[in-house]
């Protein structure tokens with residue numbers, strides 16, 4: 035299985051939690067809030083939003099820069115698949 039870690043910069047905690055509860059299964063999801071943007075230098079982020087897919091061996095498998103329609107059925111399904119992948 036895999037873990038999904040979401041780092042949010044900018045939105046309020048309640049707004050982020052409402053989206054997750056409405057669209058995703060929160061089990062297996064770690065949500066980190068970064069209102070001050072301190073994750074940029076730590077994770078060497080160059081843009082927001084940025085999505086990084088990391089293997090169980092801590093290898094970067096894929097990444098996407100820029101916005102996505104995260105609430106589309108396709109994206110919600112893809113995120114659920116990552117959270118439950120073997």
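In my numbering, the protein residues as written are 35 to 120.
Glycine included, C-beta positions come from ideal geometry on N, C-alpha and C.
Taking a contact as a CB-CB distance under 8 Å, the pair residue 91 and residue 68 does not count as one, their CB atoms being some 25 Å apart. The criterion of a C-beta distance shorter than 8 Å is satisfied by residue 101 and residue 83.
For residue 57, no beta strand (DSSP E) segment is defined; the enclosing uninterrupted segment is the alpha helix (DSSP H) at 47-57.
Residue environment analysis places residue 39 among the exposed positions, since fewer than 16 neighbouring C-beta atoms fall within 10 angstroms of its C-beta. Inclusion of residue 79 and residue 114 in the CB contact set at 8 Å is not warranted, their separation being larger than that value. Ranking 77, 74, 81 by CA distance to the CA of residue 99 puts 81 first.
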